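For reference, the structure is listed below as structure tokens.
In the numbering used here, the protein residues as written are 1 to 131.
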């Protein structure tokens, strides 16, 4: 049975090492300059592996994937630094880097997207794996 986020814990349980680890993709529509919550209070630990966006208008801007540092509860840490969404509808733009110091999201942590550009309009996809 899926939890309130639609991700079944049983479906994402660790598999035998010979089979690998199941991945899942989170997605969120982004509009304008904002901080958008993607995962509120993660139900289990997972790792951010990649991210990309697809433009839904000809307006560009920047976005990045972040989390709050659990060490102090207030410092924003970039998991994926600024990605520039081109000023082209249907354009695909992807992350150039993933910070391995912050890419793990522990159970109970939040995952957010911070966007800039008043007219930015895109859907961001985040590839993750349970760890």
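Idealized CB from N, CA, C, for every residue including glycine.
Since we're looking at a predicted model, the values are computed, not measured.
So, at 8 Å on beta carbons, what are the nonlocal neighbours of residue 49 in its own chain, with the 5 sequence-adjacent residues on each side left out?
23, 98, 103, 127, 128, 129
Please list the segments of the beta strand (DSSP E) lying wholly inside the segment 30 to 116, counting only runs of 3 or more residues, in order along the chain.
34 to 39, 46 to 55, 61 to 68, 76 to 85, 92 to 94, 111 to 116
Taking the DSSP output, what are the residues bridged to residue 120?
Paired residues: none, contrary to the question.
Proximal residues to residue 85 (C-beta, below 8 Å), its chain only, five neighbours per side dropped:
53, 55, 60, 61, 62, 63, 91, 93, 117, 120, 122
Euclidean distance between Cα positions of residue 106 and residue 58
36 Å
Nearest to residue 35 by alpha carbon, out of 111, 125, 131?
111
Neighbourhood of residue 81 by C-beta distance below 7 Å, restricted to the same chain and skipping five residues each side
64, 97
Residue 75 burial status per 10 Å Cβ neighbour count (16 or more: buried)
exposed
Does the distance from the CB of residue 134 to the CB of residue 95 come in under 8 Å?
The structure shown has nothing for residue 134, since the chain only spans 1 to 131.
Less than 6 Å between C-beta atoms, sequence neighbours within five positions excluded: which residues of the same chain meet that for residue 31?
121
For residue 83, tell me which candidate among 73, 113, 46 has the shortest Cα-Cα distance.
113
7 Å CB neighbourhood of residue 38 in its chain, flanking five on each side removed:
26, 28, 111, 112, 113, 126
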